[in-house]
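J.: Before I ask anything, here is the structure I am working with.
Numbering (the working numbering), first residue to last: 1390 to 1460.
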């Protein structure tokens, strides 16, 4: 967690999103598809990214772990 939290803390949203368009995300069928098909801004994702960074910071501070389930 500490390593991931530190990496996220130094990675602004614009870095991973650089050069990516709504059309790219729609074509790749990234959830939620309807947002990208409508051509909405990345504010939807930015808000979630910022919350994720904060979540990792608190988890790392408190010595917690993270379990990810992909299915």
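Every residue gets a Cβ at the ideal spot worked out from N, C-alpha and C, and that includes glycine.
1. From residue 1411 to residue 1445, what does the alpha carbon distance come to, in whole angstroms?
2. Buried or exposed for residue 1449, please, with buried defined as at least 16 other CB atoms from any protein chain shown within 10 angstroms of its CB.
3. Secondary structure at residue 1459, three-state DSSP: helix, strand or coil?
4. Report yes or no: do three or more beta-carbon pairs, one from the segment 1428-1446 and one from the segment 1401-1411, lie closer than 8 Å?
T.: Taking the definition as stated:
1. On the chain shown, residue 1411 is found 22 positions in, with the first residue counted as 1. On the chain shown, residue 1445 is found 56 positions in, with the first residue counted as 1. If I take the Cα positions, the gap works out to 26 Å.
2. Position 60 of the chain shown, counted from the first residue, corresponds to residue 1449. Buried: at least 16 other Cβ atoms inside 10 Å.
3. In the chain shown, counting from the first residue as 1, residue 1459 sits at position 70. Coil.
4. yes
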